[in-house]
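Reading through the structure tokens given below for one structure.
In this note's numbering, the protein residues as written are 652 to 779.
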């Protein structure tokens, strides 16, 4: 008889705490104070996955602190300002025009994060 082996794979993700969707869980944990880096370690996923979950969380109508998210960027402040200015000029629908306008020098992950910051800040200003 042949014994079954286990497949090597990545570490299992953190167990779900709720029966909701993962983006809701990740968003709630971020709101409670966990950083993107902590969430990334907890779930064993890429930083871009956490950023995507946070975008989905915000798009579902949940509040996120744009200033705190802004602080999660790995870019220097002057580079962040350039990215946000590019969103002013090119909009947020597609990232490729922004990426091209910044001479392809800003990582996609940062564009996704700062697009979320930009949209949250813009929505916050429209509410006042």
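From the three backbone atoms N, C-alpha and C, an ideal C-beta is built for every residue, glycine too.
What does the Cβ neighbour count give for residue i, buried or exposed, with the cut at 16 atoms within 10 Å?
i	result
residue 692	exposed
residue 755	exposed
residue 745	exposed
residue 678	buried
residue 709	buried
residue 718	exposed
residue 737	buried
Return the residue from the list the options that minimises the CA-CA distance to residue i.
i	options	result
residue 739	765, 685, 757 and 699	765
residue 769	753, 747, 733 and 751	733
residue 762	730, 713, 719 and 675	730
residue 703	680, 775 and 760	760
Under the three-state reduction of DSSP, which class applies to residue i: helix, strand or coil?
i	result
residue 685	coil
residue 713	coil
residue 718	helix
residue 758	coil
residue 697	coil
residue 775	helix
residue 742	coil
residue 673	helix
residue 748	helix
residue 723	coil
residue 660	Because residue 660 sits at a pLDDT of 49, beneath the cut-off of 50, its placement in the model cannot be relied upon, and the point is left open.
residue 753	coil
Could you round the C-beta distance between residue i and residue j to whole angstroms and report it? I think they count as a contact, below 8 Å.
i	j	result
residue 705	residue 767	6 Å
residue 757	residue 715	With 8 Å as the limit, residue 757 and residue 715 do not qualify as a contact, their Cβ atoms being about 21 Å apart.
At least 3 beta-carbon pairs within less than 8 Å: the stretch 671 to 687 vs the stretch 708 to 725: yes
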